[in-house]
Structures are given as structure tokens and as C-alpha cells.
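In full-length UniProt numbering, the protein residues as written are 1 to 102.
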């Protein structure tokens, strides 16, 4: 099984397709600024769960964030867990620079 992931910026998401099919097998929705990309929701179709579609989405999206020199805010639990399990991506995590306190 081959998973292809593409960025669909007009839809603000990455889309995964399996074995060249036209049907989308999974998506990772994001909000992007010039400095940051926030991954807000990841969804994989039931028939592709456990087949590596989510991992392919995360890996591609994070590699592209690195290439674009963007920080990552992982509000999506799947992305947060993926980064936690793959320390090679932890340097991408957004760190607040605000010094404001209550």
C-alpha cells in the first residue's frame, strides 16, 4: 500500500490518498501564518485506520513545516502524540515568547 500526501492550501489541509485512488483516505487540517502552522484536526477514514495514513500525514506536514522554517503548534491530539513519539520533530514546536504574566 502506497500513501501519497499533498498539501491542499485552498482547503487548508493535507490530504492523503492510498494507491493512487481519487478518494481521500485522510486529512490533516491546519491554520498557517508566515511564522507558524497550527495543526488543528486529523481524520482518517475508518477503512484506513491503522494502515499508516495518519503517520504519513503527520510526517509529510512536519517535514514541509521544517522546510518552510515554520514553528508548529500541535493542538490536534494526533499531531501532539506523533511529535511526542518522534523526538526528531520536537525542535519544531512553538514556544511562546511572551513575558506577560497575570
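Beta carbons are placed, not taken as given, at the ideal position from N, Cα and C, and that holds for glycine. If you're wondering where the values come from, they're calculated on a predicted model, not measured in any experiment.
Spatially closest choice to residue i from the options, by CA coordinates
i: residue 48; options: 14, 74, 79 and 26; result: 26
i: residue 22; options: 86, 73, 36 and 5; result: 5
i: residue 77; options: 11, 40 and 101; result: 40
i: residue 51; options: 86, 18 and 95; result: 18
i: residue 149; options: 95, 1 and 59; result: The requested residue 149 does not occur in the structure, where the chain is confined to residues 1 to 102.
i: residue 36; options: 10, 64 and 1; result: 64
i: residue 2; options: 11, 10 and 20; result: 20
i: residue 34; options: 101, 66 and 89; result: 66
i: residue 96; options: 10, 9 and 71; result: 71
Buried versus exposed, by CB contacts within 10 Å (16 or more), residue i
i: residue 31; result: exposed
i: residue 54; result: buried
i: residue 13; result: buried
i: residue 93; result: exposed
i: residue 46; result: exposed
i: residue 28; result: buried
i: residue 74; result: buried
Inter-residue CB distance, residue i and residue j (contact presumed, cutoff 8 Å)
i: residue 62; j: residue 42; result: With 8 Å as the limit, residue 62 and residue 42 do not qualify as a contact, their Cβ atoms being about 12 Å apart.
Three-way DSSP call (helix, strand, coil) for residue i in this model
i: residue 3; result: strand
Residue i beta carbon near the ligand ATP (any heavy atom closer than 7 Å)
i: residue 90; result: As presented, the structure is devoid of all ligands, the ligand ATP included, so that no description of it is given.
is_contact[residue i, chain C] using C-beta, thresh 8 Å
i: residue 51; result: Of the protein chains in this structure there is only one, and it is not chain C.
Fill in: Those runs of the beta strand (DSSP E) which lie wholly inside the UniProt domain "N-acetyltransferase" (6–94) and span at least 3 residues
Listed in chain order, they are 13–18, 26–32, 36–44 and 71–74.
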